[in-house]
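What follows is a set of notes on a single structure, which appears directly below.
There are 2 protein chains.
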Amino acid sequence: MRIGEIARRSGVSVRALRYYEEQGLLVPGRSPGGQREYSQDAVQTVRAIQQLYAAGLSSRRVAELLPCMDTGTTTDHQRAMLKAERDRIRAQIKELTATLARLDELVDAADRRGS
Amino acid sequence: MRIGEIARRSGVSVRALRYYEEQGLLVPGRSPGGQREYSQDAVQTVRAIQQLYAAGLSSRRVAELLPCMDTGTTTDHQRAMLKAERDRIRAQIKELTATLARLDELVDAADRRGS
DNA sequence: CTAGAATCTCACGTGGACGTGAGGTGCAAG
DNA sequence: CTTGCACCTCACGTCCACGTGAGATTCTAG
Chain E
17 MRIGEIARRS
27 GVSVRALRYY
37 EEQGLLVPGR
47 SPGGQREYSQ
57 DAVQTVRAIQ
67 QLYAAGLSSR
77 RVAELLPCMD
87 TGTTTDHQRA
97 MLKAERDRIR
107 AQIKELTATL
117 ARLDELVDAA
127 DRRGS
Chain L
17 MRIGEIARRS
27 GVSVRALRYY
37 EEQGLLVPGR
47 SPGGQREYSQ
57 DAVQTVRAIQ
67 QLYAAGLSSR
77 RVAELLPCMD
87 TGTTTDHQRA
97 MLKAERDRIR
107 AQIKELTATL
117 ARLDELVDAA
127 DRRGS
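Which chain is which? The protein sequence lines are E and L, in order. Take 17 as the starting number for the first sequence in the numbering used here and just add one per residue. Take 17 as the starting number for the second sequence in the numbering used here and just add one per residue.
Pasting the structure below:
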């Protein structure tokens, strides 16, 4: 598959896919003419990248963690990073939950006055 | 209180506080000599700003929502924004939870192999 | 064979939340 | 009165995940 179809199927821009290659996250093959050739499971990789970005990981972290998302095998270094990121995400969820509660209070108070 | 003490008490930089003023989020008074004079509850406001930033809100949104975080009263526009942001945050928590589960699986699999 | 998509490689632009000097002023202490 | 730290105002720099042309090449349909 060429870059345009991967872009459509995964919902990211063509530019983003080239950027991922630049960062070493998803490096496709090349056609004789020099065009990028993606395999089927590239779509899944893109989704994983997006998911990790959304969780606040940097390109560097994603590059270090993507291999074990594919293979399921981890080095000691990767396991340490995984646990660190887990903790970060857990803390983030906790804080978001608190923020949500605070906003809920505001809305509820407004609803009560409004009724 | 002057800017340095607010910075220490709230854990943000002096530059950040000046930036908040620039964005209209937290506008302190001025001493005769032109120095910023913050009230006691500025610390709480700073924490609120940080919390909203951490939840992914822009300065503009924070500026629109900070008043009702203080007073507890909301306009229709603010209530609509509150509900929209709540939904966004809820979705964000959901996605983070899924990501967390995925990382947990990886760590668990690695732990089982390691034991 | 040719028109026109689609893709290619530079390479500069963007937006947001500040960081970081440069050069000048306010204020409490000795 | 002066030392010296905290504060002031510009104003350019930073980081990151791309956006956005410009100009050239490749691929596909007729």
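Every residue, glycine too, gets a C-beta built ideally from N, C-alpha and C.
Could you name the residues of the same chain whose beta carbon sits closer than 7 Å to that of residue i, not counting the 5 residues immediately before and after it, in chain order?
| i | result |
| --- | --- |
| Ala79(L) | Gln39, Gly40 and Leu41 |
| Tyr36(E) | Leu42 and Ile65 |
Using a Cβ-Cβ cut-off of 8 Å (strictly less than) and excluding sequence neighbours within five positions of residue i, which residues of its own chain qualify?
| i | result |
| --- | --- |
| Gly72(L) | Arg104, Ile105 and Gln108 |
| Gln60(E) | none |
| Arg77(E) | Leu68, Met97 and Glu101 |
| Val28(E) | Val62 and Gln66 |
| Glu53(L) | Met17, Arg18, Pro44, Gly45, Arg46 and Ser47 |
| Arg51(L) | The residue asked about is misnamed: residue 51(L) is Gln in this sequence, not Arg. The answer, listed in chain order, is Arg18 and Ile19. |
| Ala32(L) | Ala23 |
Can you give me the Cβ contacts of residue i inside the same chain, cut-off strictly under 6 Å, excluding the 5 residues immediately before and after it?
| i | result |
| --- | --- |
| Val30(L) | Ile19 and Ala23 |
| Lys162(E) | This structure does not reach residue 162(E), given that chain E is present from 17 up to 131, and the question cannot be answered. |
| Arg25(L) | Val59 |
| Ser75(E) | Gln39 |
Out of the options, state which residue places its alpha-carbon closest to the alpha-carbon of residue i.
| i | options | result |
| --- | --- | --- |
| Val43(L) | Val123(L), Pro83(L), Ala117(L) and Thr115(L) | Pro83(L) |
| Leu112(L) | Gln67(E), Gly49(E), Gln56(E) and Asp57(E) | Gln67(E) |
| Gln94(L) | Ala114(E), Thr91(E), Ala125(E) and Glu37(E) | Ala125(E) |
| Asp86(L) | Leu122(E), Thr89(E), Glu21(E) and Glu37(E) | Leu122(E) |
| Thr115(L) | Glu21(E), Ala114(E), Leu81(E) and Asp127(E) | Leu81(E) |
| Thr90(L) | Arg128(E), Thr89(E), Arg34(E) and Ser55(E) | Arg128(E) |
| Gly130(L) | Asp120(E), Asp92(E) and Leu119(E) | Asp92(E) |
| Leu119(E) | Leu33(L), Ala32(L), Gly88(L) and Gln56(L) | Gly88(L) |
| Gln56(E) | Glu21(E), Ala117(E) and Lys110(E) | Glu21(E) |
Consider the Cβ of residue i: report whether some Cβ of chain E lies at a distance smaller than 9 Å.
| i | result |
| --- | --- |
| Leu82(L) | no |
| Ala79(L) | no |
Just checking: is the beta-carbon of residue i within a distance shorter than 9 Å of some beta-carbon in chain L?
| i | result |
| --- | --- |
| Arg76(E) | no |
| Ala71(E) | yes |
| Gly88(E) | yes |
Subject >> Proximal residues, the stretch 42–69 of chain E versus chain L, C-beta separation under 9 Å >> reply: Ala64, Gln67 and Leu68
Subject >> Proximal residues, the stretch 17–33 of chain E versus chain L, C-beta separation under 7 Å >> reply: none
Original post:
For the stretch 96–112 of chain L, which residues have a CB atom closer than 9 Å to at least one CB atom of chain E, in sequence order?
Top reply: Leu98, Lys99, Glu101, Arg102, Ile105, Arg106, Gln108, Ile109, Glu111 and Leu112
Original post:
Fully enclosed by the stretch 27–59 of chain E, which alpha helix (DSSP H) runs are 4 residues long or longer?
Top reply: Qualifying alpha helix (DSSP H) stretches, in chain order: 30–38.
Subject >> Against chain E: residues of the stretch 112–125 of chain L by CB proximity under 8 Å >> reply: Leu112, Thr113, Ala114, Thr115, Leu116, Arg118, Leu119, Asp120, Leu122, Val123 and Ala125
**OP:** Please go through the stretch 60–107 of chain E and give each complete alpha helix (DSSP H) segment of 4 or more residues, from N-terminal end onward.
**Re:** Whole alpha helix (DSSP H) segments, 4+ residues: 75–87.
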